[in-house]
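I have placed the structure first, in the form of structure tokens, so that the comments after it can refer back to it.
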Amino acid sequence: MSRTLNLLGHPVHLMLVVFPAGLLFTSVLVDVAVLAGVATGVGELARGLLGLGLLGGLVAAPFGWLDWRRIPRGTRAHRVGAWHGGGNVVALLVFALSWYMREPGQPAPTVAWGLSLLAGAILFGTAWLGGELVTQLGVGVRVGAHLDAPSSLPSTHTAPTPMDNPTAELLSSVAGEEDPGAAVDSPAPSPAQPARPLQG
453 MSRTLNLLGH PVHLMLVVFP AGLLFTSVLV DVAVLAGVAT GVGELARGLL
503 GLGLLGGLVA APFGWLDWRR IPRGTRAHRV GAWHGGGNVV ALLVFALSWY
553 MREPGQPAPT VAWGLSLLAG AILFGTAWLG GELVTQLGVG VRVGAHLDAP
603 SSLPSTHTAP TPMDNPTAEL LSSVAGEEDP GAAVDSPAPS PAQPARPLQG
């Protein structure tokens with residue numbers, strides 16, 4: 453069920469959302485490393501990752517909203533999509549507050565760390581909901597998708613030739629036979645023997 457805005461055959465939202473998710477989750481990991489005493493002097497790195505992740509989220513969010521609008525109301529996919537989008541908005545707001553509390557060149561306050569951890573937990577939950585939308589509810593999955601489907605690029609949709617499928621060539625060569633296997637497995641009939649004259 454493909455109900456998404458696509459680019460080159462793939463949903464735009466799915467292509468964009470990986471960037472803010474990766475940046476924001478990485479900023480949380482940097483904060484955890486600082487809190488654990490594993491890394492020092494990387495406070496600016498976490499703040500920069502937060503800023504880039506927030507910008508990426510602002511770019512990806514409108515495409516997700518447009519995709520959600522295309523899902524029929526009253527379906528489970530529509531409800532899951534609402535929780536997914538609403539949770540992402542909350543996570544971005546909490547991340548933004550954490551970023552705002554961090555002064556350039558200064559260690560992040562404890563509250564900012566706590567907000568990032570909270571936002572990261574929310575983002576993890578909304579990421580699971582996004583996976584549920586695709587893998588379980590089929591949002592963004594092309595109709596007729598299968599393990600041997602051709603490329604989603606329109607220019608590569610070519611029909612297979614007999615050289616690509618020897619079995620198809622064999623079957624086409626015996627088309628019209630009542631039993632195609634007989635044309636392969638059955639021995640050729642022996643020539644008819646001439647009738648012997650009757651002896652008186």
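Taking my numbering, the leading residue of the sequence shown gets 453, the next gets one more, and so forth.
Ideal placement from N, C-alpha and C gives every residue a C-beta, glycine not left out.
Query                                                                                                                                                                    : Result
Would you say G516 and G493 are within 7 Å of each other, going by their C-beta atoms?                                                                                   : no
Taking V532 as part of the alpha helix (DSSP H), name the residues at either end of that continuous run.                                                                 : 528 to 552
Going along the chain, which residues of its own chain have a beta-carbon closer than 6 Å to the beta-carbon of A564, five neighbours each way excluded?                 : S550, M553, R554
Check whether the stretch 519 to 533 touches the stretch 582 to 602, counting contact only when three or more Cβ pairs, one atom from each stretch, lie closer than 8 Å. : yes
Could you check what DSSP says for P514 in three-state terms: helix, strand or coil?                                                                                     : helix
List in chain order: all unbroken beta strand (DSSP E) runs of 3+ residues lying wholly within the stretch 458 to 506.                                                   : none
One question on the structure: do L504 and L545 come within less than 7 Å of each other, judged by their Cβ atoms?                                                       : no
Can you tell me whether DSSP reads S568 as helix, strand or coil?                                                                                                        : helix
Measuring only the C-alpha atoms, how far is L570 from G582?                                                                                                             : 19 Å
Between the stretch 486 to 501 and the stretch 592 to 603, are three or more C-beta pairs nearer than 8 Å?                                                               : no
Exposed or buried, G557, counting other C-beta atoms within 10 Å across all chains shown (16 or more means buried)?                                                      : exposed
With DSSP as the reference, label R521 as helix, strand or coil.                                                                                                         : helix
Which same chain residues, not among the five before or five after F471, have their C-beta less than 7 Å away from its C-beta?                                           : G508
G495 and A560: beta carbons closer than 7 Å?                                                                                                                             : yes
Could you tell me which of I574, S603, G577, L468 sits nearest to A512, measuring between CA atoms?                                                                      : L468
Between F576 and L502, which are expected to be in contact by the criterion C-beta below 8 Å, what is the C-beta distance as a whole number of angstroms?                : That pair is no contact at about 16 Å.
Using the rule of at least 16 other Cβ atoms within 10 Å of the residue's Cβ for burial, across every protein chain shown, is A573 buried or exposed?                    : exposed
For L567 and P602, what's the separation of their Cα atoms in angstroms?                                                                                                 : 45 Å
Put G592 into one of helix, strand or coil per three-state DSSP.                                                                                                         : coil
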